[in-house]
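In UniProt numbering, the protein residues as written are 1 to 205.
Note that the Cβ used here is the ideal one computed from N, Cα and C, for glycine as well.
Given the structure is predicted, the values throughout are model-derived calculations rather than measurements.
Taking it in order: structure first as structure tokens, then the write-up.
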Amino acid sequence: MKSNEIPYLDYFDQIVEGKKRIGPPQTSDWDAVAAHKIYNEIVTITRNISLVGDHSGPDEELKYKPLTKLGKLKKYWNPFYVPKPADRSKNCVMNKLVIVASIFDPRKKMQFALLCFDMLYGKDSLEYKLLHEKVLGILRQLFDEYSTLTSKSTTSGVSNSQGKRASSSHSQDEVKAEVCREKTFANGLGYERMDNLFEERLQQA
1 MKSNEIPYLD YFDQIVEGKK RIGPPQTSDW DAVAAHKIYN EIVTITRNIS
51 LVGDHSGPDE ELKYKPLTKL GKLKKYWNPF YVPKPADRSK NCVMNKLVIV
101 ASIFDPRKKM QFALLCFDML YGKDSLEYKL LHEKVLGILR QLFDEYSTLT
151 SKSTTSGVSN SQGKRASSSH SQDEVKAEVC REKTFANGLG YERMDNLFEE
201 RLQQA
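Structure (structure tokens):
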């Protein structure tokens with residue numbers, strides 16, 4: 001297994017902008033893996049802030065606050081932000097592997113990501129199509145790289161790694177946190193979670 005880990009460990013030894021990359025993950029980091037939950041939380045927060053702003057009525061303060069919060073969210077979680085050479089803003093390029101991590105959740109796969117795109121931008125929007133194509137491109141790149149690496153590995157090494165991934169997925173199901181399904185804001189709006197909405201869509205299908 002050590003020989004299989006070398007390409008991944010080399011990645012963390014690289015120097016980027018004068019600093020060593022953070023990592024690799026320690027044993028404790030695998031005890032409660034949560035990377036697959038991040039995009040769900042981002043979309044849930046974005047959707048609910050948008051709903052509050054859209055249904056604020058004549059209350060100007062209630063309308064203004066969601067707009068400022070959305071501006072702060074987009075500073076870090078805008079998947080379409082592309083920095084320009086002369087750009088001095090503090091906006092961050094969103095790492096789209098956050099979306100890919102949600103797709104790797106065997107309970108949701110690509111359908112969950114597409115539902116998130118639909119809820120944020122609309123199924124017929126240009127943003128939906130662009131993000132869908134971008135994520136598919138990342139998945140293809142990951143598959144190609146994985147295929148290249150595994151073709152150099154022994155059969156026993158591949159089977160061992162598959163067994164570990166299966167047990168990791170099982171433990172994620174057991175660790176799933178209980179979330180309040182229905183929560184109401186002061187203005188009567190229901191708090192809408194993307195994972196709950198996804199489960200409801202599956203039951204209706």
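Item	Value
Rounded Cβ spacing between residue 43 and residue 116 (contact assumed at less than 8 Å)	4 Å
Spatial distance of residue 9 from residue 68 (CA atoms)	40 Å
Residue 65 in three-state terms, based on DSSP	helix
Three-state class that DSSP yields for residue 54 in the structure shown	helix
Residue 19 - DSSP class collapsed to helix/strand/coil	strand
Pairwise C-alpha distance: residue 196 and residue 181	Residue placement at residue 181 cannot be trusted, given a pLDDT of 42 that sits under 50; the coordinates are not used to answer.
Nearest-angstrom beta carbon gap, residue 74 and residue 134 [assumed within contact, 8 Å]	Wrong, their Cβ atoms sit about 17 Å apart, outside the cutoff.
Inter-residue Cα distance where the pair is residue 77 and residue 46	10 Å
Residue 110 - DSSP class collapsed to helix/strand/coil	helix
Continuous alpha helix (DSSP H) stretch holding residue 102: start and end	97-103
N-terminal and C-terminal residue of the alpha helix (DSSP H) that residue 129 is part of	126-151
Other residues of its chain near residue 102: CB distance less than 7 Å, five sequence neighbours each side excluded	36, 39, 40, 108, 112 and 113
Start-to-end residues for the alpha helix (DSSP H) that takes in residue 196	194-204
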